[in-house]
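K.L.:
Position one of the sequence shown corresponds to residue 3 (the numbering used here), numbered consecutively onward. Glycine included, every Cβ here is placed at the ideal spot set by N, Cα and C.
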Amino acid sequence: MYISGFASSFIMKPISKLIGKCMTYFVGLLLIMAFSYWVLLDDQMGDQIYGASVLLGVGSATILVMSLSMTADLIGDQTVGVNEVDSTFID
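1. Within its chain, find whatever has a CB closer than 8 Å to the CB of I34; leave out the 5 residues flanking it on each side and keep chain order.
2. Residue ranges of each alpha helix (DSSP H) run of no fewer than 4 residues wholly in the region 5-88, ordered along the chain?
3. For S71 versus K19, is the C-beta distance shorter than 9 Å?
4. Check the C-beta distance from Y27 over to M68 and give it rounded, since I have them as a contact under 8 Å.
5. Is the beta carbon of S55 sitting closer than 9 Å to the one on S6?
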């Protein structure tokens, strides 16, 4: 799960430039939903749990990275008053 999430984080930037951030987020959501349905419907997982964990890792990493990217876009250049707020707590 961790290795697949780490590996997928390298290909997210080209994919998000190709299809957009919202669609990349949606693809991550679809991967997690595929994982959950696979685990729900399969009675005898066995070694298939490794494939399911790859889906979970890639989907989770995709959603995490894209949500952080969307948050950074929302903040943008609106960080003017941050130093003023910090200085009031110090005084």
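P.N.:
Quick look at the numbers:
1. As a working mapping, residue 34 is identified with position 32 in the sequence shown. Around I34: L57, L58, G61, S62 and I65.
2. You should have 23-43 and 51-77.
3. Working through the sequence shown from its first residue, we reach residue 71 at position 69. Working through the sequence shown from its first residue, we reach residue 19 at position 17. No, they are not a contact pair.
4. Residue mapping note: residue 27 aligns to position 25 of the sequence shown, counting from 1. Residue mapping note: residue 68 aligns to position 66 of the sequence shown, counting from 1. Between M68 and Y27 the Cβ distance is about 4 Å, and since that is below 8 Å, they are a contact.
5. The residue labelled residue 55 in the question sits at position 53 within the sequence shown. The residue labelled residue 6 in the question sits at position 4 within the sequence shown. Yes, these two residues count as a Cβ contact at 9 Å.
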